[in-house]
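Protein chains in written order, with our numbering: chain X, 1420 to 1732; chain W, 1420 to 1732. Heads up, the beta-carbon is just placed ideally off N, CA and C, and yes, glycines get one too. This one's a predicted model, so the numbers in the text were calculated from it and none came from an experiment. Here's the structure we're looking at; comments come further down.
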């Protein structure tokens, strides 16, 4: 099994990327190989600094880098030898089992759509984010930003995609799917959430528990929380800021420590034909390592095949 | 000046309402009179228990109560002698300077629209909520639930309404108005936020600082944060749940303590012809007291006249 990392992605790349990749290789202990994709002259010396610890890592050269400020679609098309484009090409060719990057979120999405593509039947892939639960473990929230504007049918599919992920990757049996809304009653909400509620309610593939509210994000009402990408993005960034404030105030707690994006490392793109994960721009080696371990778990679980077979019917 | 309270509103009414009203009367120390509206046989004995401390309070009888489960519009029309209907009638007649209730949010909104009505020129009134700021003080977020679905012009007006409130009630000079979005760049977001951005940008009455993100809720980027009522409601309830979790974990901090709704007591309805405030269903006497003090501040500031004169032009 090969789990790849964009060695040029993230504010502290390639140093943090290489350090994180070496960490992940140690933790995986031969269960999967780590592939680094990036500029050879920049990455090779960093790898060599790690000595024997880096011996198992494979370096695939990619001469270009998509910068954070670039237009994602244009940059992806023009920089065919960028680390992101090379990564997706290899993923699509079956040479990799998962591809992770802490680089441009936009370019990672564009690559997912243009290269490995959405699973037939999936209207729009979504970015899922892990949400720590008060009673332990994690739930997931999707979409958190791939689709600012959504149709009811998309929210319904996010429920299915999230449910499959919760089941096969997080190991949650019959995951509870909730629809983020401004009230629990069925008739509440926007035209979008009202229509999505009706679709989710009759979908036979999921265990829909109805509307949930902002206050239910961290409790046990739902394992999978569905919303449009605008709302999910606001919620995600708000939760991240709470964590930052707690750290600033030196208020530590095992539950709130799980808000730290580093503990998870990245957000999977669900609904595409392969495993791709987007990391935080500020990723540390620890975050990079966990993103790669998550990539391994996704690949190991066979989640993308599960999604394909569910949507084929 | 007369500040009125729905004595029958809230989960712990009329006891918590009466106790809170007596507290507020003590704090106001003659600057304003507190008017209680509710069932005389239930409220009178509670008032009498307070002895001389309750002597300055006025009790206006209202024989009916709108329950939390009732359909707001139907209940408001049918129960013309309910505490909420009597309160709005008196407010509209100029017999009160502010009306506060921890009862049915829906009935309070219906009463606001049918009785005192929206200020001419205001498309839709909004519910505003206080947001504690890391650097001290409060900002406001609106709408938090009056309008699940919004048009760009409504968000523009929320910017104006919030700006006037921040200026005249919170005393913030040239309040910074931000639009809640999923990215800082102008072109980001939904069709709604993109269009609202263009309207807010050229509005001469406000100091628009552009898009803000979920992570900016508590920092100093914006004093007034504008969003649709669905998003605002999700954000508000999420923030409340964070406070509840911190309390449960006995993690105390002056900043997070300001998340406690009791410290503010209620959310003003902005854009109507008078001062009305909606309190939390679980309001304690302390929360009721602070809601009444907020009502006094609103009335004292002349905010509703400021809104009327701004929208007249």
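For residue i, which three-state DSSP category applies?
| i | result |
| --- | --- |
| residue 1668(X) | coil |
| residue 1726(X) | helix |
| residue 1698(X) | strand |
| residue 1622(X) | coil |
| residue 1446(W) | helix |
| residue 1523(X) | coil |
| residue 1553(X) | coil |
| residue 1599(W) | strand |
| residue 1518(W) | strand |
| residue 1441(X) | helix |
| residue 1633(X) | helix |
| residue 1492(X) | helix |
| residue 1506(X) | helix |
| residue 1578(X) | helix |
| residue 1512(W) | coil |
| residue 1731(W) | helix |
| residue 1720(X) | helix |
| residue 1537(X) | strand |
If you compare alpha carbons, which of the options is closest to residue i?
| i | options | result |
| --- | --- | --- |
| residue 1652(X) | 1564(X), 1557(X), 1725(X) and 1485(X) | 1564(X) |
| residue 1695(X) | 1721(X), 1499(X), 1658(X) and 1681(X) | 1721(X) |
| residue 1617(X) | 1561(X), 1597(X) and 1439(X) | 1597(X) |
| residue 1512(X) | 1677(X), 1535(X) and 1605(X) | 1535(X) |
| residue 1520(W) | 1452(W), 1727(W) and 1435(W) | 1435(W) |
| residue 1607(X) | 1555(W), 1456(W), 1726(W) and 1567(W) | 1567(W) |
| residue 1614(X) | 1623(X), 1625(X), 1624(X) and 1630(X) | 1630(X) |
| residue 1552(X) | 1663(X), 1451(X) and 1658(X) | 1658(X) |
| residue 1472(X) | 1726(X), 1445(X), 1544(X) and 1556(X) | 1445(X) |
| residue 1469(W) | 1579(W), 1644(W), 1441(W) and 1724(W) | 1441(W) |
| residue 1485(X) | 1693(X), 1726(X), 1579(X) and 1522(X) | 1522(X) |
| residue 1728(X) | 1644(X), 1580(X), 1475(X) and 1638(X) | 1580(X) |
| residue 1443(W) | 1693(W), 1475(W) and 1459(W) | 1475(W) |
| residue 1624(W) | 1595(W), 1487(W), 1660(W) and 1634(W) | 1595(W) |
| residue 1559(W) | 1525(W), 1637(W) and 1483(W) | 1637(W) |
Under 9 Å between C-beta atoms, does residue i make it to chain W?
| i | result |
| --- | --- |
| residue 1568(X) | yes |
| residue 1668(X) | yes |
| residue 1646(X) | yes |
| residue 1692(X) | no |
| residue 1674(X) | yes |
| residue 1637(X) | yes |
| residue 1487(X) | no |
| residue 1564(X) | yes |
| residue 1609(X) | yes |
| residue 1612(X) | yes |
Which same chain residues, not among the five before or five after residue i, have their C-beta less than 6 Å away from its C-beta?
| i | result |
| --- | --- |
| residue 1515(X) | 1421, 1423 and 1509 |
| residue 1529(X) | 1491, 1492 and 1495 |
| residue 1531(X) | 1688, 1691 and 1695 |
| residue 1506(X) | 1423, 1425, 1456 and 1518 |
| residue 1591(X) | 1585 and 1642 |
| residue 1451(W) | 1420, 1422 and 1715 |
| residue 1502(W) | 1425, 1427, 1456, 1457 and 1481 |
| residue 1726(X) | 1538 and 1583 |
| residue 1527(X) | 1520 and 1697 |
Quick one: what's got a C-beta closer than 7 Å to residue i's C-beta in the same chain, skipping five residues either side?
| i | result |
| --- | --- |
| residue 1620(W) | 1627 |
| residue 1716(W) | 1588 |
| residue 1662(X) | 1675, 1678 and 1679 |
| residue 1433(W) | 1426, 1427, 1457, 1461, 1462 and 1465 |
| residue 1546(W) | 1561, 1562, 1563, 1564, 1565, 1686, 1688 and 1697 |
| residue 1557(X) | 1549, 1550, 1551 and 1589 |
| residue 1577(W) | 1545, 1561, 1562 and 1645 |
| residue 1554(W) | 1639 |
Taking CB distances under 9 Å as the criterion, tell me whether residue i reaches chain X.
| i | result |
| --- | --- |
| residue 1632(W) | yes |
| residue 1702(W) | no |
| residue 1659(W) | yes |
| residue 1430(W) | no |
| residue 1548(W) | no |
| residue 1552(W) | no |
| residue 1599(W) | yes |
Tell me which same chain residues have a C-beta within less than 8 Å of the C-beta of residue i, skipping the five on either side of it?
| i | result |
| --- | --- |
| residue 1703(X) | 1431, 1435, 1439 and 1681 |
| residue 1611(W) | 1569, 1570, 1571, 1574 and 1647 |
| residue 1632(X) | 1599, 1600, 1601, 1602 and 1603 |
When you measure from the CB of residue i to every non-hydrogen atom of the ligand SAH, does any distance come out below 8 Å?
| i | result |
| --- | --- |
| residue 1573(W) | Within the structure as shown, the ligand SAH is missing, as the structure has no ligands at all. |
Please confirm if residue i has its CB atom under 9 Å from at least one CB of chain C.
| i | result |
| --- | --- |
| residue 1450(X) | Absence of chain C from the displayed structure is noted, the protein chains being X and W. |
- Decide if the stretch 1585–1602 of chain X is in contact with the stretch 1689–1705 of chain W; the criterion is three or more beta carbon pairs, one per stretch, under 8 Å apart. no
- Message: Three Cβ pairs or more, each shorter than 8 Å: is that satisfied between the stretch 1530–1548 of chain W and the stretch 1661–1675 of chain W?
- Response: no
- Query: Are there three or more Cβ pairs, one per stretch, closer than 8 Å when the stretch 1494–1505 of chain W is compared with the stretch 1659–1668 of chain W?
  - Reply: no
- Decide if the stretch 1423–1436 of chain W is in contact with the stretch 1706–1714 of chain X; the criterion is three or more beta carbon pairs, one per stretch, under 8 Å apart. Judged by Cβ distances under 8 Å, the stretch 1423–1436 of chain W makes no contact with the stretch 1706–1714 of chain X, as fewer than three pairs qualify.
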